[in-house]
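See structure below.
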Amino acid sequence: MLKVELRNISKSYTPGKAVLYPLDLTVNPGELFFLLGPSGCGKSTLLRLLAGFISPDTGSILFDGKDITSTAPEKRDAGLVFQNYALWPHMTVFDNVAFGLDTRKIKGEEKKQKVRAALEMVDMQNLGDRRPSSLSGGQQQRVALARAIAFRPKLLLLDEPLSNLDAKLRDSMRNEIRRICKEAGLTAIYVTHDRKEALSMGDRIAVIYDGRIEETGAPWEIYRRPSTRFSAEFMGNANFIPVKIIDVEPDGCLVETSFARMRCALPAFPVAKGNTCTAMVRPESFNISTAANIPNSFKAVIKTMTFQGETGGWLLAADGCDLSVLELCPPKRETGGELFLSVTPEHIVLLEDK
Amino acid sequence: MKIYRLFFIIILCCFFAVFMALPLYTVLSEGLNPAIIGEALSSPLYLGGFFNALKISLVTTFIVFLIALPPALLFDRYDFPGKSFANMMMMVPMVLPPFVGALGFQQIFGHYGVLNTILQSFSLSPVDWLGGGGRFWAVCIIEALHLYPILYLNLVASLANVDPALEEAARNLGAGRLKRLFRITLPLISPGIFAGGSIVLIWSFTELGTPLMLGYNNVTTVQIFNGITELESNPMPYSLVVLMLVFSAGLYCASRFLFGNISDAQMVKGGTGRIACRPRGLRPWLVSGVFLFITFLAALPHIALVFSAFALDWNATILPSSWTLLHFKNALSHEIVLPSIVNSLKYSSIAMVVCVALGVPAALLLVRWKPRGRRFFDIMVMLPLAVPGIILAFGYLSMCAKYQWLNKWFDPVNNPVLLLAAAYAMRRLPYVVRSVSAGLEQTPVALDEAARNLGAGAFTVLRRVTLPLISANLIIGALFAFSFSMLEVSDSLMLAQKAAYYPVTKAIFELSQILGEGPFIACAFGLWAMLFLTFTILAATLLMGKRIGSLFRL
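Structure, rendered in structure tokens:
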């Protein structure tokens, strides 16, 4: 299993307009690592740098400690699954998958066996004779994956491989790709702008914005305890509440909002009494009750409700501050009615104002 | 830069240095003499020849525009019976060099030709169609009937790129049919008009065969042709070539820098394509009739040529009075015919191989490698379209005369094989580059990258992925290179000086000059050439569809 390190990597296509600002990144052996960010943030550029199709302006790329920055793409042993699959229309599925083995001079029965194994892994063993044009989008995606793993690469790169599939197929393919990566023991780097994909599949995620890595961490960590406002917003809906630090204690701090005083966990950045910052609370972190008999609770008035089937999205007003709240199995409540909201200190994340 | 890329760039530059830069330099160094140019411009003979060439090109281009625009618009907008066939038939004129068409044209418009016979049958006096100014118009019409497909193809391609919503918006704002045409459609397709129009303009400006065949001698190209025998003593042809070169180069530059950026036209391409509508009643048949009429007009010289090839006697009658296969027998038994076919096959095959060997890497260089100075290479490989055949052929002759050491390989008198093959290859290289580039542009680069990602080296990617994917474009480019080389006129007339080295076109010209049955034998031989090119163009049209227009762009 391969360890990937990027050291001080930067890239610009036109002078003065950086696509990637100098960044460092480490992907651990066997990890399914996600590069997550909006369109144009530089994540695909980062992947193409890893694949070797473009060269960085500065910095170096290391595979298992070996500098491969100037190694040709064909010598990197990094299988790439393209966004549009890039299956060769003039070759059969079998020939597409066998290509990487041909270039490595693997012939005869060994080649056939490896192609069969790769096709079996993606459940396409019966379609080896077909041309890519006769396959559905999902099948093409599987062939592209089989082609990238057939020659047993050290590293698997995936460039938004599910973006052309419908929602249902995308869901099933997420589990498939994770299963295949783990079964094959591959280090994989996966580019996407779909946070659900990253959260459900990734071992770790790097959130990229405007050519910079905002933060890296495990999905739970990035979703629950983001370190920047962009990460918090990009990973899902959130309430951002201006707060003032009232007291700092070893196990947490006390903050004041426009509607209540609340306890919260200590942030990663240094805080002192009197500082102002922003508190982030996810809509589903609030608990709704009818009595104020628990800590960190306060009163709110119902403004609107959006019924979403299994969940209900409430918009509540708490002393001038609008809060978005998500509730499972929502009961019927009247607009203008009063209720109490509470939130545990661990679910209040303090973000530094920039 | 990778070694093999550098190696290819050096080879390409060497080819252009020897077969483009050196001949042009020779011509310019000899002809760029203010005194002689001044003499040419003050001589009524040469000035008249230059203005005649200019007049021919302008009138021809205007006629071409009038012929090509209506069917292009009809093809874009309407569905009508036999649409695909009609489109294919629009290529008919390209199956024959216009100078061979001139042979058939004389049978129709000659003093004892078909038209005068028809007039006389109505008791009207015959008209000397090819006398006086008639010869000028004959040259223009023959060239226009040969060249209109170039503009037509460009117009069809450009119209297909125009978002119909842009015209609908004008209609929504109250613009009528003509206003929409002049204010919206024509400005939007102006790059296509200029791209095709400038090729037609340069082509007709420098056409040698048609005026030569029709005896319209007071035109610069014929004056240059007649002057090649006295190159060492008379510098005037050099200056005439310089004048033509300056005009053609000016047009080329204007085309590239003012309107030639085809991507501008593509910027207006919309997400929704136009759906051709089927008019009601008899209108679809009328549209088909327009195509049929144009095809008939364009085919007239060819029809006359076919009749001439089979005619034992065709004088003062509408159709030949008796028929024979004798001309075909005579053509095949004539001493210059069979060797000329072998020669043409030899020259054209070498030219095709050179075109493919240089054209594929050149297209890769422009579309995939994109080195610094790509624009320079783009201009360089397209330059043969702007430098007319007659100028290049003249340049080769003067180059070989000036640098005697070149005669070891490229002797125009004693062994012009390599010179003719190189001349053909140089002239047809842009078609191969354009054709292959079109294929590369339509093939996602990710397909190449996928192969590289899986460990394939540059040559493996080329052999196993790129070439199979662009094979249709490569075949078309090679077909064009081969078949247009087979019927190349200017280079052949000027560079093949001994009968043993005559290619097909020179043989047809020489046969047509023989009194008596010479023109009939030439027609029989021309018919063979016509069938050959028909097959090529039909195959290319079927393979490439609408995209065939992209070959005829500067």
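Chains as they are written, first to last, in my numbering: chain D, 22 to 375; chain X, 1122 to 1675.
The beta carbon of each residue, even a glycine, is placed where N, CA and C say it ideally should be.
It should be emphasised that the depicted structure is a prediction, and the values quoted were computed from it without experimental measurement.
Measuring alpha carbon to alpha carbon, tell me which of D:V212, D:Q146, D:T79 and D:S248 ends up nearest D:L41.
-> One-based indexing of the first sequence puts residue 41 of chain D at position 20. Residue D:T79 is the option with its Cα nearest to D:L41.
So which residues on chain D does X:N1594 lean against when the C-beta distance must stay under 7 Å?
-> Reading the second sequence from its first residue, position 473 is the one you call residue 1594 of chain X. The premise fails here: X:N1594 is roughly 13 Å from chain D at the closest Cβ pair, so nothing lies under 7 Å.
Pair within 8 Å by beta-carbon distance, X:H1448 and X:A1430 = Sequence index remark: in the second sequence, residue 1448 of chain X carries index 327 (1-based). Sequence index remark: in the second sequence, residue 1430 of chain X carries index 309 (1-based). Yes. Within cutoff.
Within the 8 Å Cβ cut-off, does D:H214 reach chain X?
-> On the first sequence, residue 214 of chain D is found 193 positions in, with the first residue counted as 1. So no, D:H214 is outside the interface.
Which whole-angstrom value describes the C-beta separation of X:C1476 and X:A1602, a residue pair presumed to lie in contact below a C-beta threshold of 8 Å?
-> If you number the second sequence from 1, residue 1476 of chain X lands on position 355. If you number the second sequence from 1, residue 1602 of chain X lands on position 481. Indeed, because the Cβ distance is near 4 Å, the residues count as touching under 8 Å.
Is the Cβ of X:T1581 closer than 8 Å to any Cβ of chain D?
-> Taking the first residue of the second sequence as 1, we reach residue 1581 of chain X at position 460. For X:T1581, the answer is yes, since a Cβ of chain D falls inside 8 Å of its Cβ.
Taking the alpha-carbon positions, what's the D:V292 to D:R284 distance?
-> As a position in the first sequence, residue 292 of chain D is number 271, starting the count at 1. As a position in the first sequence, residue 284 of chain D is number 263, starting the count at 1. Looking at the two C-alpha atoms, the distance is approximately 14 Å.
Is the Cβ-Cβ distance between D:I30 and D:L70 less than 8 Å?
-> Indexing the first sequence from 1 puts residue 30 of chain D at position 9. Indexing the first sequence from 1 puts residue 70 of chain D at position 49. Yes, Cβ-Cβ distance for D:I30 and D:L70 is below 8 Å.
Every unbroken beta strand (DSSP E) within the stretch 59 to 102 of chain D, with a cutoff of 3 residues, ordered by chain | 79 to 84 and 99 to 102
Pick from X:L1166, X:A1425 and X:Q1344: whose alpha carbon is nearest that of X:I1229?
-> As a working mapping, residue 1229 of chain X is identified with position 108 in the second sequence. Looking at the Cα atoms, X:A1425 is the closest of the given residues.
Buried versus exposed call for X:I1323 [16 or more other C-beta atoms within 10 Å across all chains shown] = Mapped onto the second sequence, residue 1323 of chain X falls at position 202. Looking at its Cβ environment, which holds 16 or more other Cβ atoms inside 10 Å, X:I1323 is buried.
So X:A1452 packs on X:L1541, CB below 8 Å; how close in whole Å?
-> Indexing the second sequence from 1 puts residue 1452 of chain X at position 331. Indexing the second sequence from 1 puts residue 1541 of chain X at position 420. In fact, because the Cβ distance is near 22 Å, the residues do not count as touching under 8 Å.
Enumerate, from N- to C-terminal direction, the unbroken beta strand (DSSP E) stretches of 3 or more residues contained entirely within the stretch 1194 to 1226 of chain X.
-> none
Closest by CA to D:D343, which one among D:P304, D:V370 and D:P316?
-> In the first sequence, counting from the first residue as 1, residue 343 of chain D sits at position 322. The residue with the shortest Cα to Cα distance from D:D343 is D:P304.
Minimum length 4: unbroken alpha helix (DSSP H) runs contained in the stretch 228 to 299 of chain D | 240 to 245 and 250 to 256
Contact set between X:A1559 and chain D, taken where Cβ atoms lie within less than 9 Å = As a working mapping, residue 1559 of chain X is identified with position 438 in the second sequence. Near X:A1559 there are no residues of chain D at all, since even the closest Cβ is about 17 Å away, more than 9 Å.
Can you tell me where the beta strand (DSSP E) with D:G334 in it begins and where it stops?
-> As a working mapping, residue 334 of chain D is identified with position 313 in the first sequence. Its beta strand (DSSP E) spans residues T332 to A339.
Determine the contact status of X:S1311 and X:T1182, defining contact as a CB-CB distance below 8 Å.
-> What you label residue 1311 of chain X is simply residue 190 of the second sequence in a count that begins at 1. What you label residue 1182 of chain X is simply residue 61 of the second sequence in a count that begins at 1. No, these two residues do not count as a Cβ contact at 8 Å.
When we look at the beta-carbon of X:Q1227 and count the other beta-carbons within 10 Å, is it buried (16 or more) or exposed?
-> Numbered from its first residue, the second sequence carries residue 1227 of chain X at position 106. Flag for X:Q1227 reads buried.
Where does D:F54 sit, in a helix, a strand or coil, going by DSSP?
-> Position 33 of the first sequence, counting from 1, holds the residue named residue 54 of chain D. In this structure, D:F54 counts as strand in the three-state DSSP scheme.
Determine the closest residue to X:N1464 out of X:K1176, X:L1518 and X:A1628, with distance taken between C-alpha atoms.
-> Reading the second sequence from its first residue, position 343 is the one you call residue 1464 of chain X. Out of X:K1176, X:L1518 and X:A1628, X:A1628 has the C-alpha closest to the C-alpha of X:N1464.
Go to D:M326, then tell me how far its beta strand (DSSP E) extends in each direction, as first and last residue.
-> In the first sequence, residue 326 of chain D corresponds to position 305, counting from 1. It spans S318 to F328 - the beta strand (DSSP E) in which D:M326 sits, taken as one unbroken run.
Specify, as a first and last residue, the run of the beta strand (DSSP E) that D:F361 falls within.
-> Position 340 of the first sequence, counted from the first residue, corresponds to residue 361 of chain D. Taken as a continuous stretch (DSSP letters only), the beta strand (DSSP E) holding D:F361 covers E359 to S363.
Is it right to say X:I1591 is buried, meaning 16 or more other beta carbons lie within 10 angstroms of its own, or is it exposed?
-> As a first step, residue 1591 of chain X must be located in the second sequence, where it is residue number 470. Buried is the call here.
With 8 Å set as the bound, which would you pick, yes or no: does the beta-carbon of D:P36 sit closer than that to a beta-carbon of chain X?
-> Position 15 of the first sequence, counting from 1, holds the residue named residue 36 of chain D. Not one chain X Cβ lies under 8 Å of D:P36.
Rounded straight-line distance, which links the Cα of X:C1521 to that of X:L1527 = Residue numbering aside, residue 1527 of chain X sits at position 406 when the second sequence is read from its first letter. Residue numbering aside, residue 1521 of chain X sits at position 400 when the second sequence is read from its first letter. X:L1527 and X:C1521: Cα-Cα distance of roughly 6 Å.
Determine the direct distance from the alpha carbon of D:I309 to that of D:L360, and round the result to whole angstroms.
-> The residue given as residue 360 of chain D occupies position 339 in the first sequence. The residue given as residue 309 of chain D occupies position 288 in the first sequence. Cα to Cα, the separation comes out at about 7 Å.
At 4 residues or longer, and completely inside the stretch 1470 to 1512 of chain X: list those alpha helix (DSSP H) runs for me, N to C.
-> 1495 to 1507
Three-state secondary structure assigned by DSSP to D:R151 = Reading the first sequence from its first residue, position 130 is the one you call residue 151 of chain D. Coil, per DSSP.
Per-residue contacts from D:D109 into chain X (C-beta, under 9 Å) = As a first step, residue 109 of chain D must be located in the first sequence, where it is residue number 88. Correcting the residue type first, residue 109 of chain D is Trp in the shown sequence and not Asp. Within chain X, the residues near D:W109 are L1568, A1571, A1572, R1585, V1586, P1589 and L1590.
Coil, strand or helix - D:M145 by DSSP = Here residue 145 of chain D corresponds to residue number 124 of the first sequence, with the count starting at 1. Correct three-state label for D:M145: coil.
Simplified DSSP state of X:I1457, which is helix, strand or coil = Taking the second sequence and counting its residues from 1, one reaches residue 1457 of chain X at position 336. DSSP places X:I1457 in coil when its eight states are reduced to three.
DSSP beta-bridge partners for D:Y211?
-> Start at 1 with the first residue of the first sequence, and residue 211 of chain D comes out as number 190. Per DSSP, D:F55 and D:L179.
According to the Cβ coordinates, are D:E235 and D:F290 closer than 8 Å?
-> For the purposes of this step, residue 235 of chain D is taken as residue 214 along the first sequence, with counting starting at 1. For the purposes of this step, residue 290 of chain D is taken as residue 269 along the first sequence, with counting starting at 1. In this structure, D:F290 does not lie closer than 8 Å to D:E235 by Cβ.
Residues near D:I229 by beta carbon distance below 8 Å, same chain, minus five either side = Position 208 of the first sequence, counting from 1, holds the residue named residue 229 of chain D. Around D:I229: L56, L57, G58, C62, G63, K64, L67 and E235.
Taking only the alpha-carbon atoms, compute the straight-line gap between X:G1510 and D:G149 and give it to the nearest angstrom.
-> Translated into the one-based positions of the second sequence, residue 1510 of chain X becomes position 389. Translated into the one-based positions of the first sequence, residue 149 of chain D becomes position 128. Cα to Cα, the separation comes out at about 52 Å.
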